[in-house]
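Chemist: Once you've had a glance at the structure underneath, I'll fire off some questions.
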Amino acid sequence: LASFAYTAADEEKQRGVRRMKLTATGLLLLVALVYVLATWAKNSGVGGWPGYVAAAAEAGMVGALADWFAVTALFRRPLGLPIPHTAIIPTKKDQLGQSLGSFVGE
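The numbering used here applies: residue -6 is where the sequence shown begins, and numbers increase by one.
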């Protein structure tokens, strides 16, 4: 079996991916905090504006989770659950490769 050696460029890419994951998670947590605070302010009778902020934060959370699920579902099973139509790339990599080869060849 051939061994695979990581290069400095590979390690830099890994650091970049890790940094992006941390940034995305941090932003999701920030939006969740904004949602909680805006909902609290709305229920405290501050005025009408916290409702708009809470709605925007809620939409941000839903969008972030939907994006996470979609990207994760392409490469593996989210949360390890056997959800249909997930892990598409690993299970259909040969078919995708042939289709891409035919497309490029035309």
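By construction, the Cβ of each residue, glycine as well, lies at the ideal position given by its N, Cα and C atoms.
(1) For Ala66 and Leu89, I'd like the C-alpha separation in whole angstroms.
(2) Enumerate in chain order the residues of its own chain whose CB-to-CB distance from Ile76 is below 7 Å, with the five nearest sequence positions on each side excluded.
(3) Please list the terminal residues of the continuous alpha helix (DSSP H) segment that includes Val27.
(4) What does the Cβ neighbour count give for Val24, buried or exposed, with the cut at 16 atoms within 10 Å?
(5) Report back the beta-carbon spacing between Glu4 and Tyr28 to the nearest angstrom; my notes put them in contact at under 8 Å.
(6) With a 10 Å radius around its C-beta and 16 neighbouring C-beta atoms as the bar for buried, classify Ala63 as buried or exposed.
(7) Can you grab the Cα-Cα spacing for the pair Val55 / Leu21, in whole Å?
(8) For Ala31 and Val10, which I take to be in contact (beta-carbon distance under 8 Å), what is that distance rounded to the nearest angstrom?
Modeler: The relevant details are as follows:
(1) For the purposes of this step, residue 66 is taken as the residue at position 73 of the sequence shown. For the purposes of this step, residue 89 is taken as the residue at position 96 of the sequence shown. Approximately 16 Å between the Cα atoms of the pair.
(2) Here residue 76 is taken as the residue at index 83 of the sequence shown, counted from 1. Scanning its chain for C-beta atoms nearer than 7 Å, with the 5 sequence neighbours on each side dropped, one finds around Ile76 the residues Arg70, in chain order.
(3) What you label residue 27 is simply residue 34 of the sequence shown in a count that begins at 1. Going by DSSP, Val27 is part of the alpha helix (DSSP H) stretching over 1 to 36.
(4) By one-based count along the sequence shown, residue 24 stands at place 31. The Cβ neighbour count for Val24, taken over all protein chains shown within 10 Å, is at least 16; the residue is labelled buried.
(5) Taking the first residue of the sequence shown as position 1, residue 4 is located at position 11. Taking the first residue of the sequence shown as position 1, residue 28 is located at position 35. Not really, about 36 Å apart at Cβ, beyond 8 Å.
(6) Here residue 63 is taken as the residue at index 70 of the sequence shown, counted from 1. That one is exposed.
(7) Your numbering for residue 55 matches position 62 in the sequence shown. Your numbering for residue 21 matches position 28 in the sequence shown. When the Cα atoms are used, Val55 and Leu21 turn out to be separated by approximately 10 Å.
(8) Taking the sequence shown and counting its residues from 1, the one referred to as residue 31 is at position 38. Taking the sequence shown and counting its residues from 1, the one referred to as residue 10 is at position 17. Rounded to whole angstroms, the Cβ separation of Ala31 and Val10 is 32 Å, and the two are not in contact under 8 Å.
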